[in-house]
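Numbering (our numbering), first residue to last: 10 to 169.
Glycine included, every Cβ here is placed at the ideal spot set by N, Cα and C.
Have a look at the structure below, then the notes.
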Amino acid sequence: MIQDIYYLANVTDMLEVMSNKDMPEDLKEFMKGRYQSYDRFRIQMLKTFNLNGVDGIKVTEAMKGYLAEYQRIMVEEEPIMFAVSLLPCNRLWVWIANQLNIGYGNAYWSWKKNNMGGKPEKYKDLLSKYLTAKNFKKANKIFRNQMGNELQFFKASLNQ
Numbered sequence: 010m011i012q013d014i015y016y017l018a019n020v021t022d023m024l025e026v027m028s029n030k031d032m033p034e035d036l037k038e039f040m041k042g043r044y045q046s047y048d049r050f051r052i053q054m055l056k057t058f059n060l061n062g063v064d065g066i067k068v069t070e071a072m073k074g075y076l077a078e079y080q081r082i083m084v085e086e087e088p089i090m091f092a093v094s095l096l097p098c099n100r101l102w103v104w105i106a107n108q109l110n111i112g113y114g115n116a117y118w119s120w121k122k123n124n125m126g127g128k129p130e131k132y133k134d135l136l137s138k139y140l141t142a143k144n145f146k147k148a149n150k151i152f153r154n155q156m157g158n159e160l161q162f163f164k165a166s167l168n169q
């Protein structure tokens with residue numbers, strides 16, 4: 010869970026940068042909305058785990074790679090690709106939460122509760138508007154790479 014908080018803090022910071030970049034207004038509003046949502050969750054998680062920040066967290070290699078890819082996309086790609094890069098985490102965590110057959114009192118209940126209400130379909134209109142035949146192949150590669158980063162993150166979590 011501590012690696013998740015590190016991820017959350019860093020992606021929140023990147024979303025803040027993205028929300029201040031020059032881009033179409035609807036895409037900018039999407040980034041601002043994601044930033045505000047992530048920031049609320051970051052604050053909640055830091056309080057829950059009694060942390061003042063994430064500087065003291067020892068980061069796994071899998072997490073370093075995952076965040077480096079977000080950073081690369083933020084710097085090198087068009088803004089819609091950053092939205093694409095967020096989608097694997099957004100979709101996967103909602104799916105996992107909805108698959109868990111656990112109830113209140115289970116150690117993972119709060120995680121399940123916090124993640125089952127996500128709405129990954131909110132990306133659909135934006136992606137439909139900005140992904141074209143020209144950039145779809147790149148978007149698909151970014152999506153698959155980030156899904157692979159999710160897999161590596163989960164594998165690394167098993168070794169902690």
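Leaving out five residues on either side along the sequence, give the residues of the same chain with a beta carbon under 6 Å from the beta carbon of residue i.
i    : result
E25  : Y44
W102 : N124
V93  : A148, I151, F152
W120 : none
What are the start and end residues of the alpha helix (DSSP H) that includes residue i?
i    : result
V26  : 11-28
D206 : Residue 206 lies beyond the stretch modelled for the chain, which goes from 10 to 169, so this question has no answer here.
E78  : 70-85
K121 : 118-124
L109 : No alpha helix (DSSP H) contains L109, which DSSP labels as neither H nor E.
Are the C-beta of residue i and some C-beta of chain D separated by less than 8 Å?
i   : result
I11 : Absent from the structure is chain D; it holds one protein chain and no more.
If you drop the 5 nearest sequence neighbours on each side, which residues of the same chain put their C-beta closer than 7 Å to that of residue i?
i    : result
K41  : S28
S166 : Q12
M1   : No answer is possible for residue 1: it lies beyond the span of the chain, which begins at 10 and ends at 169.
Ignore the nearest five residues each way along the sequence and tell me which others in residue i's own chain have a CB closer than 8 Å to its CB.
i    : result
G114 : none
L17  : Y47, F50, R51, M54
M83  : M23, V26, M27, F91
L36  : P88, I89, A92, L135, Y139
Practice item. Would you check if the stretch 66-80 and the stretch 131-145 touch, i.e. whether three or more CB-CB distances between them fall below 8 Å? Key: no
Point to revise | Complete alpha helix (DSSP H) runs within the stretch 127-155 (minimum length 4 residues, chain order) | key: 133-139
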